[in-house]
Amino acid sequence: MTFIKNHQILIISLAIIVIILSVMGIFFIKRWLKALKSSNKKPISKIVKRAKSVIKTNKIKNNLGGLYIFYGDYLAAKDYIMKIKPDAQIIDNDELPLIVIDKNNPSLVFANDDLSNLYKFKNKLNLQFYKLNFCIDISNTHENNNINEIYKELSKLRLKNFIISFYTSSGHYQSYNNAIGKKSIFKLTSNENSNNTDEAILLKILSHKDDVNDKYHNIKILNQIRKTLKNIYPQLKSIDKNVFINFSLNIPDNIIAKGDTIFFSSSPKGIIINLISLLFSCIFIINIFQQIGLKDKISIKNLDPSSEINAHQILKEARKKTDDTLLLDILYPKSIKYHFIYEQYANALLKNVILPRYNDSYDLSMVTSFLVFFEYLNNKDVNQETDGMLRIISSFTNLSEKQLEVVINYTNRDLKVETIKTAISRANKLYTNHLLVVGEDSESYLSTQGFNAEYLGISNTKRANFINDIYIKYLYKCTIDNSILDLKNNYIIPIKVNNIFSMYQEQFDTSSKKSCNSSYTSSVTKSVSLIFNQKESERKFESFSDMLDHIYYLVKSLEKNANDITDEGKEQIGSMTVSLVHYVLNSVVNSTYNKDELPLTNPVSKKLYMEFTPNFYSKKILISPIYSKEYIKDNIEPINKKFDRLLNSLKSNFNIEPDFMIAIYKSSINNYSAKYINSYNRMIDRLNNDTEFSKNISNKNVLNLYLLAMSSKDSSFNSLIEFYSSNTDLVSDESETNPTRKINKLQQFYGKIVKLSKQNDSKEQNDVSLWTPVDNYFKENDEYLKSKNYIDYREIYKQLNNLIREQGYSATYKKIKQGYKPLQKVYSDLSEINSPNNNKLYKLLKKHLDVAIDTIKTIAIQDAITKLDNTVNIKYEFINSQFPFNKDSNTIATNEMITKDFDSNGYIYSTFVEQLSPLLSYDKTDDKWRSEDFSTSEQIDYLNKFNKVYLLNKLLWDEKRNPQAIKFEITPIPNKDNDYTFFSIILDKQNYVNSLNIAYSNSMEINYNWNSLESTTITIKFEDGSTDQISYHGKWSILKAIKDANCDENNICTWEVKHNGKTYPVSFKVESKFLQVLDWQKQGDTDVQ
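Counted from 1, the sequence shown has number 803 at position 803 by full-length UniProt numbering; the numbering is strictly sequential.
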């Protein structure tokens, strides 16, 4: 049993786990067996039943099926299946999924975002999937990024073949399929990527005999497929299966494979609670037997009832033994678990402490008190009167009131009966033999002499405590009187006890009756009870408001009690009241002053916080209503007025000036003002620090809503700013011109303090508002928010939206770039609140405007790139892959093609200029187009392409679109071995460079007519007069020559001329802007593609 007790949590936990696992296992097996035998009664059962009927009709005996995951809507999916399987029968509920059955096998078509019933269909139709086909609607590519997630979800299928197919509803797909041919399915390998494949498809399209319109649409379709592949290709690399890509549109694949099935399971709900309940029932039964033997083991010995510390230690050990014996002892109430222990303890207190003290008593008041206690013990009665008697007995026995309650509640019945008999017998003996006496102090305290002025001739602090001592004696007398009356009204009192009670009432009737019933004594009792029951020294206040309410209530109550006096004690009660007021103030202030900062008011529940959800922010803004103009009006103003009344009352009625309390009030006001400012700073900081804000405004639709929201006065963001403005402007304009009138009619407490400290009634003028520090801190912001400049700030968003709607993003971007005057004015006005002491609102408003401008720029740039990507980029890439644009290419671009694409009316040049020139700035110094807003790799790539197209146009044609010669700077480099005396490079009769094999300091310019077929010849002359040469013919002959040469980083190109079996190097330094544009040479920061 000890092992079980020491490891009870572990054992019970294991038992519960075993129960849960057992029930789950049984539930799974039962449900699985049931699923095999019974039919599905869910809505899918209808189409499954129809499908089984069609399978049976078609006599399909194998269980192989295809699985299609479709990226598109229901109608597109159905259209796709009808195109690839025109003879198949489609069964559905007018929504995905579809069951498709042809002559060979069935297939399932699911939407990419709902695979919930996949395994149910699979099991019901007893299918084994032989392929997994992801079909993507290329006109809807926004969901193509979760292939890897779906593949992981279907990993249990363990399929070996994975196919990517494409669908379109466009009528041009037949032309596209004809252009790419039948060989359109490609398998991805580790050495192959999608780029190689789509380039092959592109060449097929370009070489196919289609008209220009068909080619354009075919290239557009291919570009859509390329974009789709660009999104999903990184995911395909992580799939360790055979991956095939079917580039045809709406055409079935010819992949044949086999797959495996998976096991299907669901979550159980069963009889676990009943079994756990049975487990706990067994534990409780075991504890019953444990408790039977527990009484023999536990007995309280060596108990010193007079020492509460000793008794507590012994009880603690006994309780520990009980806890160690019982299993899950924490589930038992203490009154039940420890009843036997408390019973032994109560018996010991009664026998060893209370009864002996009673037996030693002869004072009438004390004996009467014990007899009242014994009557309550006999009747086991604990009520309001009992509490007073327990306090009296506690003072006689040094036992605590809790210990005495244990005696009443837990004393053994036999001991109780025996004790009552002994007490009654002794009471009768004392009464019969006249052994009872009345103490002198009791007789004095319980008379009017107890409150004579001679007892009050001491200091205020000591006097208050002395008054309390008198009150306690008086309280004892009243308590005994009330208890005797309570017992006589509710119980039958033994005659021998009643004799003592009657004797007590007769003895103190003449001396104390008048005192107890007088208005003077009643007032003293109320006042003393009011003050000393509060325990000011132990009380902690949550706010100055709580402290003020507490003091205000006590002072007013003391005033009322003093005013209720109608007899000769009025002068004495006045002195007592002053002492008690001093006691209250000192006790409360001493417990509060120089401790933690005391808030002005209590905090409110977060459920009452004001909540704002500004447009396009991911976080909610919560503001405590404490920090608002309305709260000041409804809550702070009453505190100020009550404090004023208290100060006036203390001064006029008691001649008290509570300087410490005023200091606490001043500190609380300053603390509230600081937190008021901080709450609005934190609100703005929270918005400024939201890193997700700018990410939420990323496309045209959202930007349109954002601009509308920012220009609307009623939008959630502008409502928040309005709240900020109205609650940070706390001093009205009227208070500035007429300082005697303040917002919320609050007066500065400094003025009040000055007035209270003066002996005359002079009035102070020009008080400063309590909230001037708050108002001054936010003054610049509030002035801006109430000015026309802020109206212009909101209006600029509307103007930008109108510009976009009327002129488009590109034109709007251009105006912003060129310095849109209304926008510049708004920025300039906004900078006026960029104060170093408080620029949080400036940062927020500027951030909102910056986000709008940045988003307009981003969309304008992306629109241009998207249009280029969908139009000329494929053409650009195609021509750029040919010579001379690609140095290593063996295909030479024709002059007609170059002219058609790159001259001033050329397709590529004109499109690039149309889309990008409004977004860029021309740098005349470097002869380049630039923009700091082009920052991503894709944007920089297009910027470089534009510069290349621009420079090609500039170098190859003049302003009248006539081809112009390309300039080359040629410098002969002498042969160090001096093997020959003369060499030259010749383009034509006018363009050549000769060298006498000496060093030349200056280069010579020659012009190459790129639009002709002029040859380029390298010639050398030897000392014997013989010559030899190398010639390059056809288009771009000079570039062929440069390509054939060995050119170093200094642009020195060397050709090797063979003569009479010997090789002679011939070198020229060749430089040209055209070579830099082609990226054949590097110079400065030129970077074009």
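Note that the Cβ used here is the ideal one computed from N, Cα and C, for glycine as well. Treat the numbers as computed from the prediction; the structure is a model and nothing was measured.
Determine whether the beta carbon atoms of residue i and residue j lie at a separation below 8 Å.
i, j, result
"ILE874", "ASN223", "yes"
"ASN1002", "ASN975", "no"
"LEU206", "PHE878", "yes"
"ASN660", "LEU600", "What sits at residue 660 in the sequence shown is Phe, not Asn. Contact: no."
"VAL603", "SER716", "Per the sequence shown, the amino acid found at residue 603 is Pro instead of Val. The answer is no: Cβ separation not under 8 Å."
"PHE1068", "ILE940", "no"
"ASN1007", "ILE966", "yes"
"ALA1045", "TRP1055", "yes"
"VAL109", "ALA88", "no"
"ILE677", "VAL584", "no"
"THR891", "PHE883", "yes"
"GLU795", "ILE833", "no"
"SER910", "SER921", "no"
"LEU485", "ILE493", "no"
"ASN718", "SER628", "no"
Quick check: what's the CA-CA separation for residue i versus residue j?
i, j, result
"THR448", "ILE392", "Unreliable placement is indicated for THR448, whose pLDDT of 40 sits below 50; no coordinate value is reported for it."
"LYS788", "TYR680", "23 Å"
"PHE749", "ARG357", "The pLDDT assigned to PHE749 is 40, lower than 50, so where the model puts this residue is not dependable; a value taken from the coordinates is nonetheless given after this. For PHE749 and ARG357, the distance between alpha carbons rounds to 59 Å."
"GLN818", "TYR74", "49 Å"
"TRP1080", "ILE1052", "13 Å"
"PHE1074", "THR1019", "24 Å"
"SER605", "LEU650", "34 Å"
"SER1015", "GLN990", "13 Å"
"TYR1032", "HIS1059", "18 Å"
"LYS85", "ILE859", "42 Å"
"GLU630", "ASN837", "27 Å"
"SER995", "ASN1050", "19 Å"
"ASN250", "ILE697", "37 Å"
"ASN635", "ILE721", "24 Å"
"ILE81", "SER45", "22 Å"
"ASN40", "LYS49", "Confidence in ASN40 is poor, its pLDDT being 42 and thus under 50, which makes the residue's placement too unreliable to answer from."
"ILE684", "ASN776", "18 Å"
"LEU646", "LYS675", "26 Å"
"ASN655", "GLN507", "43 Å"
"PHE263", "ASN123", "Only weak support exists for where PHE263 lies, its pLDDT of 34 falling under 50; the value from the coordinates is given anyway. Roughly 9 Å between the two C-alpha positions."
"LEU364", "ASN398", "19 Å"
"ALA562", "HIS550", "18 Å"
"GLU806", "TYR820", "16 Å"
"ASN352", "LEU404", "13 Å"
"LYS619", "LEU687", "8 Å"
Which residue from the options puts its Cα closest to that of residue i?
i, options, result
"LEU127", "ILE1030, GLU149, VAL100 and LYS152", "VAL100"
"LYS945", "PHE902, GLU959 and ASN218", "PHE902"
"LYS204", "THR189, SER175, LEU188 and LYS227", "SER175"
"VAL202", "TYR504, ILE185, LYS187 and ILE221", "The amino acid at residue 202 is misidentified as Val; the sequence shows Leu. Among TYR504, ILE185, LYS187 and ILE221, the Cα nearest to that of LEU202 belongs to ILE221."
"MET547", "LYS488, SER557 and ILE664", "ILE664"
"LEU1013", "GLY1025, TYR1000, LEU987 and TYR345", "LEU987"
"TYR167", "ASP114, ILE150, ASN148 and THR228", "THR228"
"PHE186", "GLU153, SER248 and ASN140", "SER248"
"LYS960", "ASN905, TYR820 and VAL497", "ASN905"
"ASP1024", "LEU1039, THR981 and TYR491", "THR981"
"TYR992", "THR1027, ASP977, ILE1038 and ASP979", "ILE1038"
Below 8 Å on the Cβ atoms is my guess for residue i versus residue j; work out the distance and round it to an integer in Å.
i, j, result
"THR577", "ILE480", "In fact, because the Cβ distance is near 28 Å, the residues do not count as touching under 8 Å."
"LYS241", "LEU159", "7 Å"
"ASP211", "ALA179", "Not confirmed; about 12 Å, so no contact."
"ILE816", "ILE853", "6 Å"
"GLU938", "ILE865", "6 Å"
Segment contact, 8 Å Cβ cut-off, at least three pairs: the region 636 to 645 with the region 707 to 720: no
Meets three-Cβ-pair contact criterion under 8 Å: the region 782 to 800 and the region 823 to 832: yes
The region 374 to 382 touching the region 405 to 421, judged by at least three CB pairs closer than 8 Å: yes
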